[in-house]
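All remarks here apply to the structure that follows.
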Amino acid sequence: MATAQVPVAAESGGDVIVARAGRYYRNTRFMMCALLIGAGAWFAYDGWVAWPEHNRKVVEVNQQILEADRAGDQQAASKARETLGSLSKEHSASDIRLQKALACSLPPLGIALVVWALYNSRGEYRLSGNALSVPGHPSVSIDHIQRIDKRLWDRKGIAFFDYEVPQGAKGRIRLDDFVYERKPTDQIYERIERIVSAEAPTML
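Per the working numbering: the sequence shown ends with 207, consecutive numbering throughout.
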């Protein structure tokens, strides 16, 4: 769970709790993206430069051995064989294709991971008085929350609120104190759970 904290802020109209994107959540995704891009660059170098050059060197030394044997130059042949022995085996065409495939796929995967993380942690959770605002949902009054699913709360810090507003719109709000800052997210959950429990038994 994220450890960054945001204090409860006081605004006119009641207490306001704001939980922004968790720093740990985002930073780990940025690090993973950097690692994937770096790995992609490494595989690209091997696939297009290092391994083809190594194979060219192996072929060249084998040719030197063949020519020395034909010319009866045992000294040159022995020296070439020593050079060949110091080289690793020739990389297959399929190995090189795999390196190129990884080079082309890992950086986009890293970028997609960051884009998703930024989207998944966009905006903020905000509880102002009895009005809960969560990205992707309309502002919902706690009075309109009909069910709380807290089966994952103790283990993962994830809770779901099913709501129905007077206009007829329904939805399920997800609170995640790993994706968003832990302390204010927990405060939002605890306040909502306390109010809903006081009005009706919590349904799981």
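Every residue gets a Cβ at the ideal spot worked out from N, C-alpha and C, and that includes glycine.
- The beta-carbon distance between residue 180 and residue 189, rounded to whole angstroms, is 6 Å. This is short enough to meet the 8 Å contact definition.
- Minimum Cα-Cα distance from residue 174 among the listed residues 149, 128, 184, 66 corresponds to 149.
- In the DSSP assignment, residue 121 falls within the unbroken alpha helix (DSSP H) covering 96–123.
- Contact between residue 131 and residue 199 does not hold, since the beta-carbon distance rounds to 17 Å and is not under 8 Å.
- In the DSSP assignment, residue 157 falls within the unbroken alpha helix (DSSP H) covering 156–159.
- DSSP, read as helix, strand or coil, puts residue 82 in helix.
- Taken through DSSP and simplified to helix, strand or coil, residue 93 comes out as coil.
- As DSSP reads the structure, residue 46 sits in no beta bridge.
- Below 8 Å, enough C-beta pairs join the stretch 93–109 and the stretch 42–51 to call them touching: three or more.
- Between the stretch 21–30 and the stretch 69–79, the count of Cβ pairs shorter than 8 Å is below three; the stretches do not touch.
- With distances taken between CA atoms, residue 126 lies nearest to 140 out of 83, 133, 140.
- Around the C-beta of residue 155, fewer than 16 other C-beta atoms lie within 10 Å, and the residue is accordingly described as exposed.
- Following the DSSP letters along the chain, one finds residue 153 in no beta strand (DSSP E), marked with neither H nor E.
- Taking the CA atoms as reference points, residue 123 sits about 10 Å from residue 183.
- Within the DSSP secondary-structure output, residue 26 pairs in no beta bridge.
- For the 7 Å CB-CB criterion, residue 116 and residue 32 form a contact.
- Residue 183 is bridged by DSSP to 24.
- When 176, 159, 111 are compared, the shortest CA-CA separation from residue 143 is found for 176.
- Fewer than three Cβ pairs drawn from the stretch 28–44 and the stretch 91–102 lie within less than 8 Å of each other, which leaves the two stretches out of contact.
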